[in-house]
Amino acid sequence: MLELKLESKAYDRRVLGPLEFRIEPGQRLALVGPSGCGKTTLLNIIAGLDSDYTGTRRVQREDLLIAYMFQEPRLLPWRTVAQNLVLAGTGEASVDAALAEVGLHDVAHLYPRQLSLGMARRVALARALAIKPDLLLLDEPLVSLDPPTAGQLRQLLKALLAERPWLSMVLVSHDPVDAQELADSWLSLEPKNERVLLPSEEKTASAG
1 MLELKLESKA YDRRVLGPLE FRIEPGQRLA LVGPSGCGKT TLLNIIAGLD SDYTGTRRVQ
61 REDLLIAYMF QEPRLLPWRT VAQNLVLAGT GEASVDAALA EVGLHDVAHL YPRQLSLGMA
121 RRVALARALA IKPDLLLLDE PLVSLDPPTA GQLRQLLKAL LAERPWLSMV LVSHDPVDAQ
181 ELADSWLSLE PKNERVLLPS EEKTASAG
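Residue numbers for the sequence shown, in the numbering used here: 1 to 208.
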């Protein structure tokens, strides 16, 4: 589905060094490691949002659909929840069903400022799924949530992924629990540009 051969990514210093991996249809890959090790930077490269690096990124087909759920929900504050979903591609008649799928009811008329962070994250997830992506990118979807809310959202993500076995996912997280629950392979980014790939029983990726 997508292949990345990265030689180097730098700002004022090198952030990421040589690594190589492929994302296959239906694969769930977790990028884990401490803050500042380059996880989100790598996710942006995978998404095609950052092209300022040395290396190559190839997609299997031009119409590959990639949905990105950012760490901040990034909902348009002057639009209602329903309007945010419609702008992303949800049909007006499907808004309630899309929200129900992520465990929200009777919020379509609300504005983002009226939502808790957990609710806003669920709306952002519904928006990401609205385009029926081939690849779903999640940047710390559970960060800053209290443990019960994080646990609920983790189980929701797990259920939604199980319903979509064809959907590939790349998850950024500093929490090993997220990777264990949601991913089938890990790419661990360590300090000092050390990278260790932890293969799962089902899927593997290769880092160089």
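All C-beta atoms, glycine included, are put in the ideal place defined by N, C-alpha and C.
- Looking at the DSSP output, S173 sits in a beta bridge with V32.
- Bridge partners of Y111 according to DSSP: none are assigned.
- In summary, D63 is exposed, with fewer than 16 beta-carbon neighbours lying within 10 Å of its beta-carbon over all protein chains present.
- Here the C-alpha atom of V95 lies approximately 13 Å from the C-alpha atom of A124.
- Per DSSP, M119 is one residue of the alpha helix (DSSP H) stretching across 117-130.
- The DSSP-derived three-state label of S8 is strand.
- Using a Cβ-Cβ distance cut-off of 8 Å, the segment 69-82 and the segment 95-109 are in contact, since at least three pairs of beta carbons, one from each stretch, lie closer than that value.
- Assigned with DSSP and collapsed to three states, A183 falls in coil, not helix or strand.
- Secondary structure remark: continuous alpha helix (DSSP H) runs of at least 4 residues inside the segment 13-79, in chain order: 39-47.
- Residue burial annotation: D178 is buried, with at least 16 other C-beta atoms found within 10 angstroms of its C-beta.
- With respect to the 8 Å criterion, S188 and V32 are classified as neighbours on the basis of their beta carbons.
- Per the coordinates, the alpha-carbon of Q114 lies some 42 Å from the alpha-carbon of L19.
- Per DSSP, the unbroken beta strand (DSSP E) holding L138 starts and ends at 135-139.
- Here the segment 100-108 does not lie against the segment 57-76, with fewer than 3 beta-carbon pairs under 8 Å apart.
- Minimum Cα-Cα distance from E3 among the listed residues Q27, T56, I131 corresponds to T56.
- Shown here, S144 sits in coil according to DSSP, grouped into three states, outside any helix or strand.
- In the DSSP annotation of this structure, the continuous segment of the alpha helix (DSSP H) that includes E101 starts and ends at 95-101.
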